[in-house]
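Worksheet for the structure shown next.
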Amino acid sequence: MEESRRKFFKGIAVAAGTTALASTARVSAATKRPMGDASHRWGMVVDLRKCIGCQACTVACHMENDVPIGKFRTIVSNYEIKIGNKTRSVVLPRLCNHCEDPPCIPVCPVKATYQRDDGMVVVDNSRCVGCAYCVQACPYDARFINPETNTADKCTFCVHRVEAGLLPACVETCVGGARMFGDLKDPQSQVSKLIAKFPTEGLRPEMKTRPQVYYIGLDDRFNSKVEGTPSLWKREEALGEEVES
Amino acid sequence: MNTNIVDLISVTREVSWLSWGVQYFFLIGLSYGAFFMTLPAFVFGRKNMEKTGRLALLIAITCGIAAPVALVSDLHQPGRFYNFYLHFTPTSWMSWGSFFLPAYVVLLLIYAWLIYRPDLELQASNRSGMLARVSALLALGGSESPKAIKVLGYMTMFSAILVATYTGSEMAVVRARPLLNGPMMPLLYLLTGVCGAAGLGLLLNRIIADASESVSDNLNRVLVVFLGLTILTVLFWMLTGLASQSASGMVLMRLATEYNPFLFTLLWLALCTLLPFLLIINKQYKTWWLSGFLSVAGAWLFRWSMFIDGQRIPKTGAGFNDYSIPLGTEGLLGIAGTLGLWLLLVIMITSFIPWQGSKQDTSV
Numbered sequence: 001m002e003e004s005r006r007k008f009f010k011g012i013a014v015a016a017g018t019t020a021l022a023s024t025a026r027v028s029a030a031t032k033r034p035m036g037d038a039s040h041r042w043g044m045v046v047d048l049r050k051c052i053g054c055q056a057c058t059v060a061c062h063m064e065n066d067v068p069i070g071k072f073r074t075i076v077s078n079y080e081i082k083i084g085n086k087t088r089s090v091v092l093p094r095l096c097n098h099c100e101d102p103p104c105i106p107v108c109p110v111k112a113t114y115q116r117d118d119g120m121v122v123v124d125n126s127r128c129v130g131c132a133y134c135v136q137a138c139p140y141d142a143r144f145i146n147p148e149t150n151t152a153d154k155c156t157f158c159v160h161r162v163e164a165g166l167l168p169a170c171v172e173t174c175v176g177g178a179r180m181f182g183d184l185k186d187p188q189s190q191v192s193k194l195i196a197k198f199p200t201e202g203l204r205p206e207m208k209t210r211p212q213v214y215y216i217g218l219d220d221r222f223n224s225k226v227e228g229t230p231s232l233w234k235r236e237e238a239l240g241e242e243v244e245s
Numbered sequence: 246m247n248t249n250i251v252d253l254i255s256v257t258r259e260v261s262w263l264s265w266g267v268q269y270f271f272l273i274g275l276s277y278g279a280f281f282m283t284l285p286a287f288v289f290g291r292k293n294m295e296k297t298g299r300l301a302l303l304i305a306i307t308c309g310i311a312a313p314v315a316l317v318s319d320l321h322q323p324g325r326f327y328n329f330y331l332h333f334t335p336t337s338w339m340s341w342g343s344f345f346l347p348a349y350v351v352l353l354l355i356y357a358w359l360i361y362r363p364d365l366e367l368q369a370s371n372r373s374g375m376l377a378r379v380s381a382l383l384a385l386g387g388s389e390s391p392k393a394i395k396v397l398g399y400m401t402m403f404s405a406i407l408v409a410t411y412t413g414s415e416m417a418v419v420r421a422r423p424l425l426n427g428p429m430m431p432l433l434y435l436l437t438g439v440c441g442a443a444g445l446g447l448l449l450n451r452i453i454a455d456a457s458e459s460v461s462d463n464l465n466r467v468l469v470v471f472l473g474l475t476i477l478t479v480l481f482w483m484l485t486g487l488a489s490q491s492a493s494g495m496v497l498m499r500l501a502t503e504y505n506p507f508l509f510t511l512l513w514l515a516l517c518t519l520l521p522f523l524l525i526i527n528k529q530y531k532t533w534w535l536s537g538f539l540s541v542a543g544a545w546l547f548r549w550s551m552f553i554d555g556q557r558i559p560k561t562g563a564g565f566n567d568y569s570i571p572l573g574t575e576g577l578l579g580i581a582g583t584l585g586l587w588l589l590l591v592i593m594i595t596s597f598i599p600w601q602g603s604k605q606d607t608s609v
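Residue numbers (this note's numbering), protein chains in the order written: chain A, 1 to 245; chain B, 246 to 609.
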């Protein structure tokens, strides 16, 4: 009797343990993070000689990624500069640089932001606690707190499109063909060839983040913090009530 | 300002560390600052410091309980705080802080409980009704436990040092924000935290305690030393920054002279740091309310300046972003809410716990 009772409880314990392990395995399989293909290293080349500052990329990004109004995953900074008696316009598309040494990742206290094997820096917004530490740590002002999800948000290189074999929305829509996207590990890719052919620069080299967005024709005055006369209008004034609502 | 470059279109990011964060850094700074002032009486055996120690203990526990509430509220997803414990990240100071902070608060409460135990027992025997029963229950026999207090004091001291280190380092490692990025940040948080705690002590000594002259003297001594050290540290930061042209020192100079001289230089440095220092050093003790209030305000203003103004300095663009404090939970309500919580805790503890010791209870 004693023996059979012991066996009975033993059986229950084993069954419970097995079920728990199996369900844990199922959960971890279901929540396993997409890590991409390590045989690629995605990156972008922006040829500033071709950019006309039309903001088509900004709009395309908003449409593709449903970015809340007043927030930006990418934008084309626009400056007016004076050289002697002449003035000219300078444009500079900005986005997440998907750095090789991204300062946003080590500070994240819950490992919500991570780098995939293909180099893309992404945010698991089902884990993000919205502490905004990564927003502070990014030297490119590429991150923000999405007021709809209350989590950190940023450019993902349109990972969902890239995985489907498409180009990021900003690249697809670029009027002048200034934005080019591809595999930096492939020497035959358009981006690799451009980097081999032309001198390129990344933004904020003093931050030592090894950015993977390369600029052709970047003026030295614009590769770091731009010390000029601040914007002539305020964002809220420019966007009006839409931002407040 | 370079007028040869005009910024026409650029991204301006809003402040994402909110007023709750300022409140957290303020309250936790006051808490560990006050806790350090309890050590002479309860750990190092300086009996003449007991009154000061008890007042400081009240500040340490009330601020220490209110602070984590402010911290969790600063998260944009506060309901997910458990992720801190499911996904520990050793590379993140914030992740370490999620362990240091509860350890500090729990140890602090045990330390306070050990100190209050005999007084709770006395209260249980002197009073009747519910208060007596709860006091007896909390006292757990009410025996004096100086050795345990000492052990807990050292343990809490260790955890308080960890909290002070992590709160400062959390900001000091952010290279993208040159104002915060440097070794001065942890030191200044510690110094201003002690100043704020001593200032609050000066106020509470007159408002809710027996206006003891010896307590005032002790607090004034602490204040003069720590306000002096704060001034020296800031001057050192400015001068070495200028001499070495470091990013951190240069941006501090710009904050003090260009970005927000009214708040940083006039309000914080001159009015809330230099003035109380001069008042106390010139033995103007009758203006205790002014020195006390200004020192508390100084601890808060320093954090506001680093936190909010630090985020107003664009990382890529020019100028100094606009910011007006929102009236709702992302601004004023956060400040009022945490201060209200702190006040409630003070009222509760001073009403039900014999925090001033046995003398208080026998006098009732």
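Where a beta carbon is used, it is the ideal one built from N, C-alpha and C, also for glycine.
Local conformation of residue i per DSSP, three classes
i               : result
D37 of chain A  : coil
G494 of chain B : helix
M120 of chain A : coil
D66 of chain A  : coil
S23 of chain A  : Confidence at S23 of chain A is low in this model, with a pLDDT of 49, below 50, so its placement is unreliable and no value can be given for it.
G253 of chain A : Outside the shown range of chain A, which is 1 to 245, sits residue 253 of chain A, and nothing can be said about it.
T257 of chain B : coil
Q55 of chain A  : coil
N371 of chain B : helix
F522 of chain B : helix
G582 of chain B : helix
G324 of chain B : helix
A29 of chain A  : Confidence in A29 of chain A is poor, its pLDDT being 47 and thus under 50, which makes the residue's placement unreliable; the coordinate value appears in the next sentence. Here A29 of chain A sits in helix by DSSP.
V90 of chain A  : strand
W262 of chain B : coil
T229 of chain A : strand
Residues bridged to residue i (per DSSP)
i               : result
Y277 of chain B : According to DSSP, which records beta bridges pairwise, Y277 of chain B is partnered with nothing at all.
A152 of chain A : A:I145
V175 of chain A : BP columns for V175 of chain A are empty, so no partner.
E201 of chain A : A:Y215
S540 of chain B : According to DSSP, which records beta bridges pairwise, S540 of chain B is partnered with nothing at all.
Below-8 Å beta-carbon distance, residue i vs any chain A residue
i               : result
M339 of chain B : yes
A417 of chain B : no
S343 of chain B : yes
I254 of chain B : yes
W262 of chain B : yes
A348 of chain B : no
V267 of chain B : no
Beta carbon of residue i nearer than 8 Å to that of residue j
i               : j               : result
L449 of chain B : I304 of chain B : yes
I476 of chain B : L519 of chain B : yes
C440 of chain B : L468 of chain B : yes
N49 of chain A  : G217 of chain A : Contrary to the premise, residue 49 of chain A reads as Arg rather than Asn in this sequence. Taking 8 Å as the Cβ cut-off, R49 of chain A and G217 of chain A qualify as a contacting pair.
V123 of chain A : A152 of chain A : yes
Y140 of chain A : L203 of chain A : yes
V45 of chain A  : L166 of chain A : no
L487 of chain B : L546 of chain B : no
G555 of chain B : L433 of chain B : no
W549 of chain B : R299 of chain B : no
P230 of chain A : A563 of chain B : yes
T190 of chain A : M180 of chain A : According to the sequence displayed, residue 190 of chain A carries Gln and not Thr. Result yes, Cβ atoms of Q190 of chain A and M180 of chain A sit closer than 8 Å.
A38 of chain A  : D101 of chain A : no
Any chain B beta carbon closer than 8 Å to residue i
i               : result
M207 of chain A : yes
A132 of chain A : yes
I75 of chain A  : yes
Y114 of chain A : no
N65 of chain A  : no
R33 of chain A  : no
Q136 of chain A : yes
T151 of chain A : yes
A25 of chain A  : Confidence at A25 of chain A is low in this model, with a pLDDT of 48, below 50, so its placement is unreliable and the value that follows should be read with caution. So no, A25 of chain A is outside the interface.
P68 of chain A  : no
I216 of chain A : no
S28 of chain A  : In this predicted model, S28 of chain A has a pLDDT of only 48, less than 50, meaning its place in the structure is not dependable; the value taken from the coordinates is given anyway. It does not: the Cβ of S28 of chain A has no partner Cβ on chain B nearer than 8 Å.
D220 of chain A : no
P57 of chain A  : Correcting the residue identity first, residue 57 of chain A is Cys in this sequence and not Pro. It does not; no Cβ of chain B falls within 8 Å.
If contact means a Cβ-Cβ distance below 7 Å, which residues of the segment 306-325 of chain B contact chain A?
The segment 306-325 of chain B vs chain A, Cβ under 7 Å: L320, H321, Q322, R325.
Members of the segment 174-191 of chain A near chain B, C-beta cut-off 8 Å
Using a CB distance below 8 Å, no part of the segment 174-191 of chain A faces chain B.
Contact residues within the segment 556-567 of chain B, judged by C-beta distance below 8 Å to chain D:
Checking the listed chains, one finds no chain D in this structure; the protein chains it contains are A and B.
For the segment 475-506 of chain B, list every residue whose C-beta sits within 8 Å of some C-beta in chain A, in sequence order.
Answer in chain order: no residues at all.
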